[in-house]
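One structure below.
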Amino acid sequence: MSSNAVVIHVRFAPDGTVTEIGERPTSFSAQQWYDKLCNAFAASFMALSGGRGVFRLTAEEVSALKTTALQ
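If you're matching positions, the sequence shown starts at 380 in the working numbering and goes up one per residue.
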């Protein structure tokens, strides 16, 4: 993983909804931000045990998504 990598942690409730997620703009709910990330970077998501997962992205990808999402 490169030095400009960003790992966004996601935590899911037992019903599959997102309860916590990193790098989230304040104008989005946790679920809305997860949906945006999935639509743009589904292949970068890795499911983990215990109702968790991570997106592994570059800082540029995160910045670009935040910019377009807030417009």
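Glycine included, each C-beta is placed from N, C-alpha and C at the ideal position.
{"Asked": "For the candidate residues 402, 389 and 391, whose alpha-carbon lies nearest to that of residue 438?", "Found": "402"}
{"Asked": "Output the boundary residues of the alpha helix (DSSP H) element that contains residue 419.", "Found": "409 to 420"}
{"Asked": "Using CA coordinates, which residue listed in 384, 424 and 420 is at the minimum distance from residue 390?", "Found": "424"}
{"Asked": "Whose C-alpha, out of 385, 386, 411 and 384, is nearest the C-alpha of residue 396?", "Found": "411"}
{"Asked": "For the beta strand (DSSP E) that contains residue 437, what are its first and last residues?", "Found": "431 to 437"}
{"Asked": "Do residue 444 and residue 387 count as a contact pair if the criterion is CB distance below 8 Å?", "Found": "no"}
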